[in-house]
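Shown next, in C-alpha cells, is the structure this report addresses.
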Amino acid sequence: NEITKEHTLEFCEGRGTPFEKLYDFDAHTLLLGVGFNRCTSLHYAESLVPKRRTTTHRYPMNIDGERMWVESADMANDDGVHFPVVGKKFAAAAGISIGKVGGADSMLFSTRTLVDFAESYFADALS
Numbered sequence: 018n019e020i021t022k023e024h025t026l027e028f029c030e031g032r033g034t035p036f037e038k039l040y041d042f043d044a045h046t047l048l049l050g051v052g053f054n055r056c057t058s059l060h061y062a063e064s065l066v067p068k069r070r071t072t073t074h075r076y077p078m079n080i081d082g083e084r085m086w087v088e089s090a091d092m093a094n095d096d097g098v099h100f101p102v103v104g105k106k107f108a109a110a111a112g113i114s115i116g117k118v119g120g121a122d123s124m125l126f127s128t129r130t131l132v133d134f135a136e137s138y139f140a141d142a143l144s
C-alpha cells in the first residue's frame, strides 16, 4: 500500500510516516466518537515545528531473530494541553462536517487543512 509501505521508527508520527502520506494525498480525517484530543494528525503537525515536545520510547523488537530492547525519539503525549484548544479553534475557523454516525458524534475534515492550521498554532504556542 502506498500509504503504509514506509514507516520510520523515530518520530513515528512525523516525516517519513503514513501521516505524512495522508497529508500529501490530502486525505480526510474522520473523528468518530472522539475529540481532537485523540487526533494523531496533530502529533504530525507538531512534529513539523522546531520546538516540538519530544520523549523517548523504549520497546522490545526482534532483530536478527533475537528480542532486544530499542529506544527511539518520538512525540510526547499532549495530555489534553494543546490538542483540544487547537481543535476547537480549527473547528471554528475551517469548514468541517459535523454529524452522527450511529449514536456517535463525528467530525470530517481535510487532513492537510488541519495540519497546516495546527502547524501554525504549534509554531506560536511552543516558541
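If you read the sequence shown in our numbering, its first letter stands for residue 18, the second for the next number, and so on. Backbone N, C-alpha and C fix where the C-beta goes; we use that ideal spot for every residue, glycine too. A quick note: this is a predicted structure, and the numbers were derived from the prediction, not measured.
Asked: To which residues of the same chain is PHE28 closer than 7 Å at the C-beta, ignoring the five residues directly before and after it?; Found: SER64, ALA90, ASP91 and MET92
Asked: Any idea if THR46 is buried or exposed, counting beta-carbon neighbours within 10 angstroms, 16 or more meaning buried?; Found: buried
Asked: Run the CB neighbour count on PRO67, radius 10 Å, all protein chains shown included, and call it buried at 16 or more, exposed below.; Found: exposed
Asked: Please classify PRO35: does DSSP put it in a helix, a strand, or coil?; Found: helix
Asked: Going along the chain, which unbroken runs of the alpha helix (DSSP H) with 4 or more residues stay wholly within the region 53–131?; Found: 58–64 and 100–110
Asked: Going by DSSP, name the residue or residues bridged to LEU147.; Found: This structure leaves residue 147 out entirely; the chain is present only between 18 and 144.
Asked: Whole angstroms are fine: how far does the CA of HIS60 sit from the CA of GLU136?; Found: 10 Å
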